[in-house]
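With my numbering applied, the sequence shown covers 340 to 682.
We treat Cβ as the ideally placed atom computed from N, Cα and C, and that holds for glycine.
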Amino acid sequence: MSDPVRADAPRTLRRLRAAGVTKVVLLTGDRESTAREVGTVLGVDEVYAGQTPADKVACVEEECRSAVTVMVGDGVNDAPALASASVGAALGAHGTTASTATADVVLTTDGIGPLASAMEIARRSRRIAVQSAGIGMALSIGAMLVAALGWLPPTAGALLQEAIDVAVILNALRALTGPRSVVHVDDPTGALLRRFSTEHEMLRTKLRVLVDGANDLAGQGIEASSGDGVQGLRRADDLLAAVVLPHEHAEESLLYPALAKPLGTTEATVTMSRMHAEIDRLARRVHAHRMHADRNGQITADQRLDVMATLYGLHALLRLHFSEEEQNYFTLVATPGTGTALP
């Protein structure tokens, strides 16, 4: 069994922290092991597993005593905690009537991304409003002092005040534009992101071939030397050559150059390119082991451990690579359903 983590969740939590959230707590009725693993992936501050509705209320009330607290939930078990929080936000897309009825805010989309957007918009709007009011009052007071000293004629003073008002209004209108931190992706790049996101969903199920090949060898024992593991190695090599490597090479040649403009620099994809190089290296190693096994009719004892390590390592690297791309790049466009499955 696996528990899917939305690909946009880590980015959303980073945005929430940037917007001013200082502490993130995960409350769930799930098992401790699953909750801890999800909490580690997301980078939350505290995790409370096996929570009943009463437990959630108690935790929310405790947090409310120290700071303004936002509770986000979508189930009937979350309704009491939503009502107890400083601000209750319900996920309306799949939420229950009870949770949406008791919440102060209802998010009509599937995910908490809009909550981060709302906080960013609110903080930016408030900052612009305070800035505009401060500048307007300062300039008006300065003009009145100059007029009181007799250095500013009434007509000129009236015109100056109108100019101040217009300048302040124009400054306030900046709130209508999006924050500079928002990454805008053009249609061709968005199409590429959706294409590779779809390919990830297909590839994720196929990567099991790598683990199965390594498990076949592990089950034979380290000292065993038979041809049983050769078929698994061949299947892994065929998958890499026919599906995985073409996908990675297409990302390197098509997607990453296209991302340079919206991300502002080619350096933003350097780490992912280094992962591509490592995937290529390990894939070549798998192919070399296959050629050696084909010549000998079996996987020899002296190569068995390295074959297992290479297959396990490549599987882990690909899962990590997929997860990083989904969190950092694919979330720049709407890709419903994309998630990283935890083992």
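Here DSSP, grouped into helix, strand and coil, assigns Y668 to coil. Per DSSP, the unbroken beta strand (DSSP E) holding L366 starts and ends at 364-366. The DSSP-derived three-state label of L446 is strand. Judged by DSSP secondary structure, G473 falls outside any beta strand (DSSP E) and instead within the alpha helix (DSSP H) spanning 452-487.
Proximity to D417 across T408, L515, V396 peaks at V396, based on C-alpha coordinates. In the structure shown, the three-state DSSP call for V409 is strand. Assignment of G568 by DSSP, reduced to helix, strand and coil, places it in the helix class.
DSSP places A428 in no alpha helix (DSSP H) but in the uninterrupted beta strand (DSSP E) bounded by 426-430.
As the crow flies, the alpha-carbon of I618 is around 7 Å from that of L653. Annotation: R345 to R658 spans about 14 Å, alpha carbon to alpha carbon. Short of 7 Å from the beta carbon of R350, and not among the five residues preceding or following it, lie these beta carbons of its own chain, in chain order: Q666, T670. For Y387, the pairing in a beta bridge is given by DSSP as L366. A distance of 8 Å or more separates the beta carbons of G389 and G412. Across the structure, N510 and S471 are spaced so that their CA atoms are roughly 6 Å apart. Comparing alpha-carbon positions, the option among G382, T379, A422 lying closest to V399 turns out to be A422. When the beta-carbon positions are compared, V646 and L584 stay at least 8 Å from each other. Here K545 is not near L579, since their CB atoms are 8 Å or more apart.
Counting along the chain, P585 sits inside the alpha helix (DSSP H) bounded by residues 584-589.
Leaving aside the five residues that flank G378 on each side, the residues in its chain whose CB is nearer than 6 Å to its CB run, in chain order, L365, V386.
Note on geometry: alpha-carbon atoms of A502 and A357 lie some 35 Å from one another. Taken through DSSP and simplified to helix, strand or coil, L512 comes out as helix.
Judged by beta-carbon spacing, G427 lies beyond the 8 Å limit of D449, meaning their Cβ atoms are not closer than that value.
Each residue's CA atom was taken as its position, placing Q570 and L593 some 33 Å apart.
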